[in-house]
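Below is one structure, written out as structure tokens; the observations come after it.
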Amino acid sequence: MAASLLPWLTRRLRRRPSAALVYSPRYRLELPGLTYDTGRGDKILAFLAAEGLVRRGSVQVPRPVPFQALCRVHPPAYLETLGDRDVLTRVVGLPTTERQRERILDAQRRMAGGTVLAARLAVDSGGIAANLGGGLHHAFPARGARFCLINDVAVAIAAERDRGLAGPVLVIDGDLHDGDGTRACFATDPTVHTFSMHNGSSGTDPDAVASTSVELGAGVDDAAYLAALESHLPPVVAALRPVLAVYLAGTDGAADDTLGDGELTAEGLFQRDCRVTELLRERRPAVPMVVVLAGGYGREAWRYSARYLSWLLTGRRHEPPPTEELMLQGYRRHARTFRHEELSGEPTTPDEPDWNLSSEDVLGPLAGAPAHRFLGFYTQSGVELALERTGYLERLRRLGFPQPTVELEPDHPAGETVRIWGSPEHRELLVELRARLERAAMPGFELLRVEWLMQQNPRLDFGPARPHLPGQRHPGLGVLDDTLSLLVLICDRLHLDGIYFIPSHYHLAAQSRRLLRFVEPEHEGVFRAVTRAVAGLPLPEATRLVDEGGLLDETTGRPFELPPMPMVLPVTDRLRTHLDDGDSEARAEAAAQAHRLARR
170 MAASLLPWLT
180 RRLRRRPSAA
190 LVYSPRYRLE
200 LPGLTYDTGR
210 GDKILAFLAA
220 EGLVRRGSVQ
230 VPRPVPFQAL
240 CRVHPPAYLE
250 TLGDRDVLTR
260 VVGLPTTERQ
270 RERILDAQRR
280 MAGGTVLAAR
290 LAVDSGGIAA
300 NLGGGLHHAF
310 PARGARFCLI
320 NDVAVAIAAE
330 RDRGLAGPVL
340 VIDGDLHDGD
350 GTRACFATDP
360 TVHTFSMHNG
370 SSGTDPDAVA
380 STSVELGAGV
390 DDAAYLAALE
400 SHLPPVVAAL
410 RPVLAVYLAG
420 TDGAADDTLG
430 DGELTAEGLF
440 QRDCRVTELL
450 RERRPAVPMV
460 VVLAGGYGRE
470 AWRYSARYLS
480 WLLTGRRHEP
490 PPTEELMLQG
500 YRRHARTFRH
510 EELSGEPTTP
520 DEPDWNLSSE
530 DVLGPLAGAP
540 AHRFLGFYTQ
550 SGVELALERT
560 GYLERLRRLG
570 FPQPTVELEP
580 DHPAGETVRI
590 WGSPEHRELL
600 VELRARLERA
610 AMPGFELLRV
620 EWLMQQNPRL
630 DFGPARPHLP
640 GQRHPGLGVL
650 DDTLSLLVLI
660 CDRLHLDGIY
670 FIPSHYHLAA
680 QSRRLLRFVE
690 PEHEGVFRAV
700 TRAVAGLPLP
710 EATRLVDEGG
720 LLDETTGRPF
730 ELPPMPMVLP
740 VTDRLRTHLD
750 DGDSEARAEA
760 AAQAHRLARR
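Be aware that the sequence shown starts at 170, since it is given in our numbering, and climbs by one per residue.
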């Protein structure tokens, strides 16, 4: 069934109307322990801009929705409780400071303002408007739930009613979780039909006079999902004849989502989005349509939404890059604004411009390099400037550390060191990096060797969502991709071929492998053999099994010990070509087959 939709959709691709986009950077909300990526909208816009699909100034920025507009849906007595610490802790599921509570409420009021604005744009134009946020469908009229304080969809529909919109309205909820709050908001309103396809009913709201609730169960795949959509949604659209539709294009049904239990692929989600859009836009007159992001909790969640929005804007599907590549592109754009003297403290001479700094300059004997410079190049102020201008320190501020402080120790006995503390008092260590320039590890290549990298949030506790991993004192900060991007910028600046490090534990190799490669194909084979032997185990348990000699090498009869296995992130094409020598895959698989590992 899924494949049969493709020709039908393809014939209509070129007739796609353009969509208006609504977004505010204030949607972004960094909270320690938060399970979803609040920077989805930033990533989507960065991708669309890189593809030339949006221009500066073309995205409309909403204001926070007024209190009066909220009162059309939420009782004033409930709204007055939203500043209360206990109320927000219960709804958000995390302890919060007063400043964080203010930011949470501001972000959700702005998202609601974005959905209100998108609804107005869609109704006035008869077209499509997408709010790159919103979809807070667990907010009930008089209570919040599961991080949702304000039901932006209900507020937007009420605002349009106040502007004079008459006729049926359809809410199509594609989030994997039950749209219970929205259904409750319209439980007694026969003019608003709430359609929700989800894994299971929450069972926490009364029956609504106009609703369709489709329970799919856990593990739903593309074929089952699309078949259910085709069975249930077209009759609702045909019977209702809506004058406005709001589509919650949640992506938490994806197989890689960290909270959802669905098995949808990128293709399945894209076909779902296209089919919902066509059902509404093929009618005459076409139904004005509001799109909101709703749920999505994987690190790649933004990519599913970006594919759909690129299609809405152009009629063609544009493939987003991996998250780390998009992030690196952003960091490199910032890096172009740095001048040589800002980072190194040395003026650039006319005959030795910044971009001609050679690897020999920094990888030679360094006898003349000042001892106070990191890697023989970066001054204290240069490191601070780079961290500030790229937004790295701002991310730490959003995580609740308003005064992050950088400490440089290039002459540390264990290696050149950069530390970032949570405050000038140096009480909470957030990041510690030890690195050096390396020539001997891979002859012919000049590398940045990471001897030690620690990133931690001392204010978080370990738990089911943040399991304790060997070597950790506190849970991580969630900024590994940002840190790697900065290390790549160092390679760019100093003309190094890549980033080199040797993982000390199995979990470090497993977590790094999506970006780094083993230098030797045989080590890739060893890693595969270990991964097969620990299949089905959570990563912390698998690591402990390996660390404690819980794997037996059946060839030797001895407990297996993980050998030092260098990894590298190639930055230059020269190093990539070296790693792709033609027989790497065959050597890796041969090594994997040669290691017969079993649990003891």
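Positions of the beta carbon are idealized from the N, C-alpha and C atoms, including for glycine.
If the criterion is Cβ atoms closer than 8 Å, does the pair histidine 747 and glycine 694 meet it?
Looking up residue 747 in the sequence shown gives position 578. Looking up residue 694 in the sequence shown gives position 525. No, Cβ-Cβ distance for histidine 747 and glycine 694 is not below 8 Å.
Contained alpha helix (DSSP H) runs [length at least 4] in the stretch 575 to 607, N- to C-terminal order:
Runs found: none.
Does the Cβ-Cβ distance between threonine 575 and glutamate 594 come in under 8 Å?
Here residue 575 refers to the residue found at position 406 when the sequence shown is read from its first residue. Here residue 594 refers to the residue found at position 425 when the sequence shown is read from its first residue. Residue identity differs from the one stated: residue 575 is valine in this sequence, not threonine. Their beta carbons are not under 8 Å apart, which means valine 575 does not touch glutamate 594 by this criterion.
Should glutamine 269 go down as buried or exposed, given a rule of 16 or more other Cβ atoms within 10 Å for buried?
For the purposes of this step, residue 269 is identified with residue 100 of the sequence shown, where counting begins at 1. By the neighbour-count rule (16 or more Cβ atoms within 10 Å), glutamine 269 is buried.
Arginine 278, DSSP secondary structure in three states:
For the purposes of this step, residue 278 is taken as the residue at position 109 of the sequence shown. Correct three-state label for arginine 278: helix.
Going straight from the alpha carbon of aspartate 650 to that of arginine 566, what length do you get?
Walking along the sequence shown from the start, residue 650 turns up at place 481. Walking along the sequence shown from the start, residue 566 turns up at place 397. Take the alpha-carbon of aspartate 650 and the one of arginine 566: they are about 17 Å apart.
How should tryptophan 621 be labelled, buried or exposed, when 16 other C-beta atoms within 10 angstroms of its C-beta is the threshold for buried?
For the purposes of this step, residue 621 is taken as residue 452 along the sequence shown, with counting starting at 1. With fewer than 16 other Cβ atoms within 10 Å, it is exposed.
Can you tell me where the beta strand (DSSP E) holding proline 739 begins and where it ends?
Taking the first residue of the sequence shown as 1, we reach residue 739 at position 570. Following the DSSP letters along the chain, one finds proline 739 inside the beta strand (DSSP E) bounded by residues 736 to 739.
What residue ranges within the stretch 450 to 498 form continuous beta strand (DSSP E) runs of no fewer than 3 residues, ordered along the chain?
With a minimum length of 3 residues, the continuous beta strand (DSSP E) runs that stay inside the stretch 450 to 498 are 458 to 461.
Between arginine 278 and proline 233, which are expected to be in contact by the criterion C-beta below 8 Å, what is the C-beta distance as a whole number of angstroms?
Residue mapping note: residue 278 aligns to position 109 of the sequence shown, counting from 1. Residue mapping note: residue 233 aligns to position 64 of the sequence shown, counting from 1. About 4 Å separates the two Cβ atoms, so the contact holds.
To the nearest angstrom, how far is the alpha carbon of alanine 704 from that of glutamate 271?
Position 535 of the sequence shown holds residue 704. Position 102 of the sequence shown holds residue 271. Going by C-alpha positions, alanine 704 is about 44 Å away from glutamate 271.
Taking 8 Å as the cut-off, decide whether the C-beta atoms of aspartate 421 and leucine 345 are in contact.
Position 252 of the sequence shown, counted from the first residue, corresponds to residue 421. Position 176 of the sequence shown, counted from the first residue, corresponds to residue 345. Yes, Cβ-Cβ distance for aspartate 421 and leucine 345 is below 8 Å.
Assign threonine 506 to one of two classes, buried (16 or more other C-beta atoms within 10 Å of its C-beta) or exposed (fewer than that).
Working through the sequence shown from its first residue, we reach residue 506 at position 337. With fewer than 16 other Cβ atoms within 10 Å, it is exposed.
For alanine 287 and leucine 334, I'd like the C-alpha separation in whole angstroms.
Position 118 of the sequence shown, counted from the start, is the residue given in the question as residue 287. Position 165 of the sequence shown, counted from the start, is the residue given in the question as residue 334. Each residue's alpha carbon lies about 14 Å from the other.
How about histidine 306 and glycine 350: do their beta carbons lie closer than 8 Å?
To locate residue 306, count along the sequence shown from 1; it is residue 137. To locate residue 350, count along the sequence shown from 1; it is residue 181. Their beta carbons are under 8 Å apart, which means histidine 306 touches glycine 350 by this criterion.
Is it true that the CB of leucine 339 sits closer than 8 Å to the CB of proline 403?
Numbered from 1 along the sequence shown, position 234 holds the residue referred to as residue 403. Numbered from 1 along the sequence shown, position 170 holds the residue referred to as residue 339. For proline 403 and leucine 339, no; Cβs fall outside 8 Å.
Which value, in whole angstroms, describes the spacing of the CA atoms of valine 412 and alanine 298?
Position 243 of the sequence shown, counted from the first residue, corresponds to residue 412. Position 129 of the sequence shown, counted from the first residue, corresponds to residue 298. If I take the Cα positions, the gap works out to 15 Å.
Roughly how many angstroms separate the alpha carbons of leucine 217 and leucine 720, rounded to a whole number?
Taking the sequence shown and counting its residues from 1, one reaches residue 217 at position 48. Taking the sequence shown and counting its residues from 1, one reaches residue 720 at position 551. Each residue's alpha carbon lies about 47 Å from the other.
For the alpha helix (DSSP H) that glycine 210 lies in, which residues bound it at each end?
On the sequence shown, position 41 is the one that residue 210 refers to. Note, glycine 210: alpha helix (DSSP H), 209 to 219.
Serine 227: buried (16+ other C-beta within 10 angstroms of its C-beta) or exposed?
If you number the sequence shown from 1, residue 227 lands on position 58. Counting other Cβ atoms within 10 Å of its Cβ, serine 227 stays below 16 and is therefore classed as exposed.
Segments assigned beta strand (DSSP E), at least 3 residues, entirely inside the stretch 251 to 327:
Scanning the stretch 251 to 327 from its first residue to its last, the whole beta strand (DSSP E) runs of 3-plus residues come out as 297 to 300.
Label phenylalanine 236 either buried or exposed according to how many other C-beta atoms from any shown protein chain fall within 10 Å of its C-beta, with 16 as the threshold for buried.
Start at 1 with the first residue of the sequence shown, and residue 236 comes out as number 67. It is exposed - the Cβ of phenylalanine 236 has fewer than 16 other Cβ atoms within 10 Å.
On a Cα-Cα basis, can you pick out the residue from Phe355, Cys354, Ala423, Asp358 that is closest to asparagine 368?
Here residue 368 is taken as the residue at index 199 of the sequence shown, counted from 1. If we check each option's Cα against that of asparagine 368, Ala423 comes out closest.
By how many angstroms is the C-alpha of threonine 434 removed from the C-alpha of glycine 388?
Mapped onto the sequence shown, residue 388 falls at position 219. Mapped onto the sequence shown, residue 434 falls at position 265. C-alpha separation (whole angstroms): 12 Å.
Do leucine 190 and leucine 274 have their C-beta atoms closer together than 8 Å?
Within the sequence shown, the letter at position 21 stands for residue 190. Within the sequence shown, the letter at position 105 stands for residue 274. Taking 8 Å as the Cβ cut-off, leucine 190 and leucine 274 do not qualify as a contacting pair.
Report the rounded CA-to-CA distance for glycine 453 versus leucine 290, giving the unit in angstroms.
Taking the first residue of the sequence shown as position 1, residue 453 is located at position 284. Taking the first residue of the sequence shown as position 1, residue 290 is located at position 121. Reading off the sequence, residue 453 comes out as arginine, not glycine. Distance between arginine 453 and leucine 290, taken at the CA atoms: about 19 Å.
Do you know offhand how far aspartate 630's Cα is from histidine 643's?
Position 461 of the sequence shown, counted from the first residue, corresponds to residue 630. Position 474 of the sequence shown, counted from the first residue, corresponds to residue 643. Their backbone Cα atoms lie some 7 Å apart in a straight line.
What does the alpha-carbon distance come out to for the pair glycine 640 and methionine 736?
Taking the sequence shown and counting its residues from 1, the one referred to as residue 640 is at position 471. Taking the sequence shown and counting its residues from 1, the one referred to as residue 736 is at position 567. One Cα belongs to glycine 640, the other to methionine 736, and the distance between them is close to 19 Å.
DSSP on aspartate 630, reduced to helix/strand/coil?
The residue labelled residue 630 in the question sits at position 461 within the sequence shown. In the structure shown, aspartate 630 sits in coil (DSSP, three-state: anything other than H, G, I, E or B).
Would you say leucine 200 and isoleucine 319 are within 8 Å of each other, going by their C-beta atoms?
As a working note, residue 200 is residue 31 in the sequence shown. As a working note, residue 319 is residue 150 in the sequence shown. Cβ atoms of leucine 200 and isoleucine 319: not closer than 8 Å.
Would you kindly work out how many angstroms separate the C-alpha atoms of serine 193 and isoleucine 213, rounded to a whole number?
Residue 193 sits at position 24 when you count from the first residue of the sequence shown. Residue 213 sits at position 44 when you count from the first residue of the sequence shown. Distance between serine 193 and isoleucine 213, taken at the CA atoms: about 12 Å.
In this structure, does DSSP put isoleucine 671 in helix, strand or coil?
The residue given as residue 671 occupies position 502 in the sequence shown. When secondary structure is reduced to three states using DSSP, isoleucine 671 falls in the coil class, being assigned neither helix nor strand.
Can you grab the Cα-Cα spacing for the pair proline 707 / leucine 685, in whole Å?
Your numbering for residue 707 matches position 538 in the sequence shown. Your numbering for residue 685 matches position 516 in the sequence shown. Spanning the two alpha carbons is a distance of roughly 21 Å.
Which term fits alanine 475, buried or exposed, when burial requires 16 or more other beta carbons within 10 angstroms of its beta carbon?
Taking the first residue of the sequence shown as position 1, residue 475 is located at position 306. The C-beta of alanine 475 has 16 or more other C-beta atoms within 10 Å across all chains shown, which makes the residue buried.
DSSP three-state assignment for valine 389, whether helix, strand or coil:
Counted from its first residue, the sequence shown places residue 389 at position 220. Note: valine 389 maps to coil in three-state DSSP.
Look up tyrosine 547 in the DSSP assignment and say whether it is helix, strand or coil.
Sequence index remark: in the sequence shown, residue 547 carries index 378 (1-based). In the structure shown, tyrosine 547 sits in a strand (DSSP, three-state: E or B).
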